[in-house]
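Numbering (this note's numbering), first residue to last: 19 to 310.
Before any comments, here is the structure.
Encoded structure:
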């Protein structure tokens with residue numbers, strides 16, 4: 019069993035990517051799976067399943083350690099640490115998108131053994147409801163695996179604030195790996211991807227996993243027009259800054275009903291949404307189109 023780990027938050031860091039190292043170590047502790055890691059060299063959130071056409075990607079390698087106070091690891095090297103074979107402790111960084119990391123991890127890993135499962139995450143924040151899932155680089159990386167014929171899981175940690183006690187993170191990661199093992203061993207052949215959202219709550223160790231569907235929600239502008247000019251060169255220019263109304267997204271969940279992914283998380287359960295890697299058509303709309 020060979021697992022490819024990727025994400026959209028980049029290499030381990032307290033600010034952007036605090037969970038991936040613990041996920042890798044927990045998989046090694048609780049399973050006998052072989053692990054390869056290919057991730058973006060910087061945060062690449064909100065980029066979906068994009069590839070940057072015309073860009074030549076460059077690989078570098080790190081051997082990371084636990085994230086914590088004083089956290090540091092050696093700078094990346096551009097030569098693989100073990101050119102004679104495969105060094106599992108070395109992670110590949112790419113100056114590309116999460117989906118590109120998946121693709122290169124699938125087809126250019128140094129192991130002779132093919133990848134059986136792609137795990138993308140854990141994302142630093144939820145990826146539930148249509149608003150987040152469609153834009154998510156974490157889900158996009160899983161989609162890339164599915165479109166290559168490989169089963170894939172997207173894993174995200176949903177929190178209300180960023181001050182999460184380390185014991186809760188450890189429990190969430192253990193619970194996540196237990197759930198991933200279950201899904202792998204009981205995979206429904208209708209599913210190409212499972213997207214998981216874990217609520218980062220005190221009782222996460224016993225949080226119940228529930229199969230859900232995606233809440234189909236909408237919102238307004240995700241930009242704010244910037245007033246004034248920062249420099250003389252900006253005079254006369256209209257500028258817009260990224261700034262979604264996340265409260266509006268939260269309200270769509272609060273106002274919804276049924277067993278959707280957003281509501282299940284708010285109820286303290288783990289949402290598990292089985293997906294196909296497509297934008298699903300509407301089978302009842304069919305036939306010729308007459309314009310005259």
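The C-beta atom is built at its ideal place from N, Cα and C for all residues, glycine as well.
Taken in chain order, the unbroken stretches of alpha helix (DSSP H) that lie wholly in the segment 108-168 and span 4 residues or more are 116-125, 147-151 and 155-165. In the pairwise beta carbon analysis, the segment 142-160 is classified as touching the segment 29-39: at least three pairs are separated by under 8 Å.
Within the segment 32-62, the runs of alpha helix (DSSP H) at least 4 residues long that lie entirely inside it are, in chain order, 38-48. Under the 8 Å Cβ criterion, the segment 175-184 counts as touching the segment 213-231, having at least three qualifying pairs. Between the alpha carbons of residue 187 and residue 47 lies a distance of about 16 Å.
Selection 296, 75, 242 and 266 evaluated against residue 208 yields 296 as nearest (Cα-Cα). At a Cβ-Cβ threshold of 8 Å, residue 134 and residue 21 count as neighbours.
Per DSSP, the unbroken alpha helix (DSSP H) holding residue 196 starts and ends at 184-203. The alpha-carbon of residue 74 is positioned some 46 Å away from that of residue 276.
According to the DSSP secondary-structure assignment, residue 229 is paired through a beta bridge with 290. Distance check between residue 289 and each of 233, 266, 299 and 241 places 233 closest, using alpha-carbon atoms only. Here the C-alpha atom of residue 112 lies approximately 32 Å from the C-alpha atom of residue 283.
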